[in-house]
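Positions 3 to 125 (my numbering) are the ones given, in order, by the sequence shown. Where a beta carbon is used, it is the ideal one built from N, C-alpha and C, also for glycine. I have placed the structure first, in the form of C-alpha cells, so that the comments after it can refer back to it.
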Amino acid sequence: MFPVVDFSANSSPLLKQSWQRKASKAIHIIDFDDENNIINKNVLLHQAGEIWHIAASPADKAVITTCYNKTSDSRVVSCAAVWRMPSDWDSGSHESPDDSAHNPQTLELLCLLDDSAHRNAAW
C-alpha cells in the first residue's frame, strides 16, 4: 500500500511516497492539468525516514505532515514531523517520469511532533 494524499478536488496535486528500500526516500507530487492535458510532477526528498502516512494542511497546501520510521541505535523508531515544501514546488516539470527524479528538492522541517508512537497525523 502506498501512502497518498489528495489535497482536494479541482486541479489540486496528489502526493505519493516512493517505496525503494535502498534509494533515498522521496515524496512525488503529481498534478494533472486537465485543460491542457499535461502532467506536472516534482520530487521532494524525505531523508528523515520511510514514510507511513502523509497529510496535507487544509490551510496551506505547501505544508504537510509525515509519519515515518527511522533507525536509531539499531532499532526502529516511529516519528512525525511538519514540513514546508519549497516555494517553487507547484511550478511542476514537464519532463519524462525518469528525469524528474534527477533534480529532487528538499523539504524544510518546521517542527518535530512528540516522541510517542506515530501512525497517523491529521489536521
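Would residue 127 be called buried (16 or more neighbouring beta carbons within 10 Å of its own) or exposed? Any answer about residue 127 is impossible in this case: the structure gives the chain only from 3 up to 125.
Touching by the beta-carbon criterion (3+ pairs, under 8 Å), the segment 52 to 61 and the segment 34 to 43: no
Going by the DSSP bridge assignment, what does residue 59 pair with across the sheet? Bridge partners of residue 59: none, in fact.
Which residue from 116, 109 and 43 puts its Cα closest to that of residue 81? Comparing Cα positions, the closest option is 116.
Roughly how many angstroms separate the alpha carbons of residue 74 and residue 38, rounded to a whole number? 46 Å
Determine, using beta carbons only, whether residue 28 and residue 69 come nearer to each other than 8 Å. no
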